[in-house]
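S.K.: Counting along the sequence shown from 1, when you hit position 168 you're at 152 in my numbering, and nothing is skipped either side. Each residue gets a CB set at the ideal place from its N, CA and C atoms; glycine is no exception. Quick one: the structure is below, and I'll ask about it shortly.
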Amino acid sequence: MQNDSREKILRRIREALSVEAPARHLVGAGPSPSGHQPQDWLPPVPSSADELVALFEKNSLGLKTEVRRCADAAAAAAELASLAREHGWKSIGSHDFELGNAAVGSLGLPVVLTDREYSTAALEKCDAGVSGCECLVAQTGGILVTSASSGGRVLSVLPPHHVVIASVSQMVGDLADAFGVLRKNGGAPPAFVSFITGPSRTGDIERILVLGAHGPKKLTVLLVQA
C-alpha cells in the first residue's frame, strides 16, 4: 500500500514536470492570465532622484529606520560623532570603505575592523557596527548589503546598533534595480547577500513586536548628498 501511494505521487510529479511552466515572474515573459505583469502589482517608483530619496525616507519611517541627511562627508562624520555621544558608544566595529573611513577615524574610539583579523569577543562588546552597502531601495526602504560592501556578515547582525553610511547616488528604485547593481559589479556573486528592512524584529510571542530579537535593535542611515 505504501509503495502504491509513493508511485502515485511520483507519477503525478513526472506528469507535472513534463509540461514547461511559463516564467511569468520574468519581465517580458508574457502577461499573467489576468493580463498584468508582476511590476503592475508593486508600489510605483518615481523617476527623479529627489522623489526616490523622499520615498526611501517615508518607507524607512514605517520600518523604524532612522535616516539622517548629510550635506557631505564632513557632515556625515559630525552625525556619526553625534550618535556616539547620544548612545555612549565605547567601541565600534567597521571595515575599510571610502565613504566611512574618515568618519570612523574621527571618533577616537577603539575600532574592530572586520575585513582584517579580529577577535570575535571584541566585536561582541562593540556598541555599534558602521558599514557601507551596495545600494538603498526606495520602493521598500530596504538596504542591500553584501560581504564585499559591508565588511562581511557580522557588522549588520552582531552589534546592537547598525549604522549605514551611503551616498544619494546609491539610491535605486526597486528590487530589480538592486539586483542590477550586483550584476554591474561583475565577477562571482558575493558569498553573502541580504536586504535589510529596518531593525531586527519578531512578533512570534503573543503577536507583540519586539525589536532587536535576532540582531540590531537600532538601524540608522547617514545619507550623504554629495
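#1: Between ASP80 and the rest of its own chain, which residues show a CB-CB distance below 6 angstroms, the 5 nearest in sequence each way excluded?
#2: Are the beta-carbon atoms of LEU159 and VAL138 separated by less than 8 angstroms?
#3: Less than 8 angstroms between the beta carbons of GLN123 and LEU47, yes or no?
#4: Return yes when the Cβ of VAL156 is within less than 8 angstroms of the Cβ of VAL148, no when it is not.
#5: Is it right to say ILE76 is buried, meaning 16 or more other beta carbons lie within 10 angstroms of its own, or is it exposed?
#6: Work out the CA separation of ARG52 and THR130 for me, nearest whole Å.
#7: Express the C-alpha separation of PRO94 and ALA86 in angstroms, rounding to a whole number.
#8: What's the C-alpha gap between ALA5 and ARG(-4)?
#9: Could you pull out every residue in the same chain whose Cβ sits closer than 6 angstroms to the Cβ of SER90, ignoring the five residues on either side in sequence?
#10: Is LEU207 near ILE180, with beta carbons less than 8 angstroms apart?
#11: Can you give the Cα-Cα distance for LEU39 and LEU(-6), rounded to whole angstroms?
#12: Kindly indicate which three-state DSSP category GLU101 falls into: helix, strand or coil?
#13: Buried or exposed, going by whether 16 or more other CB atoms sit within 10 Å of the CB of ASN43?
#14: Per the DSSP calculation, SER131 is bridged to which residue(s)?
#15: In angstroms with no decimal places, state the Cα-to-Cα distance between GLU(-9) and VAL3.
#16: For GLU82, count neighbouring Cβ atoms within 10 angstroms of its own Cβ and tell me buried if that reaches 16, exposed if not.
#17: According to the Cβ coordinates, are HIS145 and ALA112 closer than 8 angstroms?
#18: If you run the structure through DSSP and keep just helix, strand and coil, what is SER178?
#19: Considering only residues of the same chain and omitting the five flanking positions on each side of ALA33, which have a CB-CB separation below 6 angstroms?
#20: In this structure, what does DSSP give as the bridge partners for CYS110?
M.R.: Put simply:
#1: ASP99
#2: no
#3: no
#4: no
#5: buried
#6: 22 angstroms
#7: 14 angstroms
#8: 15 angstroms
#9: ALA61
#10: no
#11: 48 angstroms
#12: coil
#13: buried
#14: None, per the DSSP bridge assignment.
#15: 19 angstroms
#16: exposed
#17: yes
#18: strand
#19: none
#20: Answer by DSSP bridge pairing: none, since CYS110 is not bridged.
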